[in-house]
Amino acid sequence: MMPVLEITDLTKRYGDLLAVDHMSFAVEEGETYGLLGPNGAGKTTTISMVVGVLDRDGGEVLIDGLRHDVTSVKTKALIGYVPQELALYPDLTARENLRFFGHLYGLTARPARMRITEVLELVELHERADEAVTKYSGGMMRRLNIAIGLLNRPRLLVLDEPTAGVDPHSRNAILESVQRLAAEGVATLYTTHYMEEAERLCDRVGIVDAGHMLAEGTRRELVGLLDEHDRVILRVADGAARAVPTLRDLPGVLKAGGEDGDLELIVNEARSLLPAIIGALGEAGVEVRSVEVREPDLESVFLHITGKALRD
1 MMPVLEITDL
11 TKRYGDLLAV
21 DHMSFAVEEG
31 ETYGLLGPNG
41 AGKTTTISMV
51 VGVLDRDGGE
61 VLIDGLRHDV
71 TSVKTKALIG
81 YVPQELALYP
91 DLTARENLRF
101 FGHLYGLTAR
111 PARMRITEVL
121 ELVELHERAD
131 EAVTKYSGGM
141 MRRLNIAIGL
151 LNRPRLLVLD
161 EPTAGVDPHS
171 RNAILESVQR
181 LAAEGVATLY
191 TTHYMEEAER
201 LCDRVGIVDA
211 GHMLAEGTRR
221 ELVGLLDEHD
231 RVILRVADGA
241 ARAVPTLRDL
251 PGVLKAGGED
261 GDLELIVNEA
271 RSLLPAIIGA
281 LGEAGVEVRS
291 VEVREPDLES
301 VFLHITGKAL
311 RD
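Counting with UniProt numbering, you get residues 1 to 312 for the letters of the sequence shown.
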């Protein structure tokens, strides 16, 4: 299947600064692709070239297999772009804002009304659609910004830090909306400064710094770069030391130790091994009171690859 977005050797230079250095990646239909990097990594410059508001110095961008650049009208119509900055008219209501932008997209009256109703429900603003935007919280404005980006039923949705500075309810509403859109087949390019969002949403992640793509893959593939393993910590009633030899014999258990009421195991694929671990303890007559699984996460990968925290 042809990717919805495919970029190859994308390059942008500002004088002596190579802001984006031969960047390449693709986003499939129904996939959420996270572009992660510290401030100044080149994410926003990359996105600006992807959506066609900034000319590139080299490389190629394809949208649904069609060449795309700043002059491309046909391919721009396939993109929904939600920038970091709010693009709203505060004195208008949400519905009036959507009607205005729908007109810019070329939607006629009846299709526009139907689509406005759909996107308002998607971002959970339908009950306050006829209030002036000046009465909205920052999170509600962010959700309206996303609704505008969805009016044209985009093949590719580009979200540049859509949850920055929003309240918890709005953040959750935005994340749920992105998940629903992915289920409907929308390809999404997503940047964020919140690693937990990338963990929750992204099918694949590209880690960038200084304009370079340093690593790319699924969460499991990226965590594999660390050569670290999962830890399973169990609180048991008694018999921890007695159970250790049995646990060490289980396939996939690399290390096991225990004393008093605690057991700690180093394993491969902890979640798939849990039934065997619990079963072995039951056969040994050891009562399990609690289980905790600690897996290497994207934050660890990011710090390992870039030497920086995501919000640096």
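The beta-carbon is built from N, C-alpha and C at its ideal position, and this holds for glycine as well.
Buried or exposed: which applies to residue i, given that a residue is buried once 16 or more other Cβ atoms fall within 10 Å of its Cβ?
i, result
"D160", "buried"
"S48", "buried"
"residue 313", "The structure shown does not extend to residue 313, since the chain is modelled only from 1 through 312, so no value can be given for it."
"L17", "exposed"
"A173", "buried"
"E184", "exposed"
"G106", "exposed"
"E31", "buried"
"S272", "exposed"
"S290", "exposed"
"H169", "exposed"
"M114", "exposed"
"G307", "exposed"
"P296", "buried"
"V166", "buried"
"Y33", "buried"
"Y14", "exposed"
"V70", "exposed"
Less than 8 angstroms between the beta carbons of residue i and residue j, yes or no?
i, j, result
"A240", "D260", "yes"
"E60", "A187", "no"
"L98", "I116", "yes"
"residue 360", "I63", "Any answer about residue 360 is impossible in this case: the structure gives the chain only from 1 up to 312."
"A87", "I148", "yes"
"L35", "T45", "no"
"Q150", "V119", "Note that residue 150 is Leu in the sequence shown, not Gln. Taking 8 angstroms as the Cβ cut-off, L150 and V119 qualify as a contacting pair."
"T192", "T163", "yes"
"A270", "D230", "yes"
"V253", "V267", "yes"
"A94", "G102", "no"
"A215", "I79", "no"
"L201", "L175", "yes"
"A243", "L222", "no"
"A280", "L250", "yes"
"R56", "K12", "yes"
"G52", "S72", "yes"
Closest to residue i by CA distance: which of the options is it?
i, options, result
"H212", "A198, G138, H193, K43", "K43"
"Q84", "M141, A187, R248", "M141"
"G37", "V208, T246, D230", "V208"
"A284", "V82, D16, L247, T218", "L247"
"R171", "S72, D297, E292, G138", "G138"
"L10", "D16, M2, A26, M1", "A26"
"I7", "L144, S272, G206", "G206"
"E197", "A129, L298, A237, R235", "L298"
"R204", "S177, Y190, A210", "Y190"
"V232", "D238, A276, H126", "A276"
"V20", "A182, G52, G58", "G58"
"V301", "L181, K12, G224", "G224"
"M2", "R180, D262, K74, R155", "R155"
"S177", "D130, R143, A210, A109", "R143"
"R294", "G258, G307, V50, L234", "L234"
"A41", "P245, A210, E96", "A210"
"D238", "P245, R220, G258", "G258"
"E96", "E124, R128, K76, G65", "R128"
"M195", "V133, L265, E121, L310", "L310"
"K74", "L265, N152, L274, Q179", "N152"
"V236", "E199, E292, R220", "E292"
Taking only three categories from DSSP, how would you classify residue i?
i, result
"G258", "strand"
"E29", "coil"
"T75", "helix"
"S137", "coil"
"G8", "Strictly speaking, residue 8 in this sequence is Thr, with Gly absent from that position. Strand."
"M23", "strand"
"E184", "coil"
"V288", "strand"
"G34", "strand"
"L18", "strand"
Compare the C-beta of residue i with all C-beta atoms of chain D and state if any pair is closer than 8 angstroms.
i, result
"Y194", "The chain labelled as chain D is not found in the depicted structure, where only one protein chain is given."
4 or more residues per run - each alpha helix (DSSP H) lying fully within the stretch 117-172: 138-150
Alpha helix (DSSP H) runs contained entirely in the stretch 188-270, provided each spans 4 or more residues: 195-201, 219-224, 240-248
4 or more residues per run - each alpha helix (DSSP H) lying fully within the stretch 43-111: 43-51, 73-76, 94-104
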